[in-house]
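Engineer: Per the numbering used here, the very first residue in the sequence shown carries number 103; after that it's consecutive.
Beta carbons are placed, not taken as given, at the ideal position from N, Cα and C, and that holds for glycine.
Here's a structure for you.
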Amino acid sequence: MAESTGARQAGVERNREALLSAAAAVFVEQGVQAPIRDIASRAGVGVGTVYRHFPSRAELVTSVYRHQLDECRALATSLLQEPVASTVALSRWVDAFVEFLVTKHGLGVALQSQDPSLISLHRLMLDQLVPACASLIDAGVTAGEIDPGVTAHTLMRAVGNLCILGAHYGQAEARDMVARLLVGCRTNNETRGDA
103 MAESTGARQA GVERNREALL SAAAAVFVEQ GVQAPIRDIA SRAGVGVGTV YRHFPSRAEL
163 VTSVYRHQLD ECRALATSLL QEPVASTVAL SRWVDAFVEF LVTKHGLGVA LQSQDPSLIS
223 LHRLMLDQLV PACASLIDAG VTAGEIDPGV TAHTLMRAVG NLCILGAHYG QAEARDMVAR
283 LLVGCRTNNE TRGDA
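Here it is as structure tokens:
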């Protein structure tokens, strides 16, 4: 009996993860008002499964947002343990943050909602991601690779501003500009070393 309970729990968790990934992708493509059936189809489950996990759209939106925050925060911890240059670690993390921002823009309407379950999402992003980014910057400063004048909050705001997409300015252009911004965060020695 215990084995079947464990297997059932694992299946429930797999379904939840599949739903969160599917919802994030669908929100980017269609916005947070996308039909639930599209999310269920992308996850390979029935609509009823979506509602069992997330009884309301607000709960689904909040869960997608929190899931992505958790992944982005965990990535910083993982990168700090890898044997790569601090500038490479920061660049990889910022790439993931850019991906997060693309989805966040898909969640923009939800973030402006007065639904109590959604109001705290922006604060949650700052509370979780600013320290994650700061840990990577601190490692870079300690290694002499990142300019000590760079702060996490300012860097994240700059990246966020560069990721506001529009006519004739898409993801490719945003990624290029973010890459240029990161070069400017390096110490003079680090910049010259790449030349």
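1. Identify every residue that forms a DSSP beta bridge with Tyr-271.
2. Near Ala-236, which residues of its chain fall below 7 Å by C-beta distance, leaving aside the five closest residues on each side in sequence?
3. Which residue from Ala-241, Ala-234, Val-200 puts its Cα closest to that of Gln-273?
4. Once you ignore the five residues that flank Arg-294 on each side, which residues in its own chain have a CB closer than 7 Å to its CB?
5. What does DSSP give as the partner residues of Ile-248 in its beta bridges?
6. If you reduce the DSSP assignment to three classes, tell me which class Gly-113 lands in.
7. If distances are taken between C-alpha atoms only, which option among His-270, Asp-197, Asp-249, Gly-251 comes closest to Val-280?
8. Return helix, strand or coil for Ala-136, following the three-state DSSP convention.
9. At what residues does the alpha helix (DSSP H) containing Val-147 begin and finish?
Structural biologist: Per the coordinate set shown:
1. For Tyr-271, DSSP records a beta bridge to Gly-268.
2. Correct list, in chain order: Ala-254.
3. The shortest C-alpha separation from Gln-273 is found at Val-200.
4. Since pLDDT at Arg-294 reaches only 43, below the 50 mark, its modelled position is unreliable, and the value read off the structure follows with that caveat. Non-local C-beta neighbours of Arg-294 in its own chain, meaning closer than 7 Å and more than five positions away in sequence, are absent.
5. Bridge partners of Ile-248: Arg-288.
6. Reduced to three states, the DSSP call for Gly-113 is helix.
7. With distances taken between CA atoms, Val-280 lies nearest to Asp-197 out of His-270, Asp-197, Asp-249, Gly-251.
8. Looking at Ala-136 - three-state DSSP - the assignment turns out to be coil, as it is neither helix nor strand.
9. Run containing Val-147: none; DSSP gives neither H nor E here.
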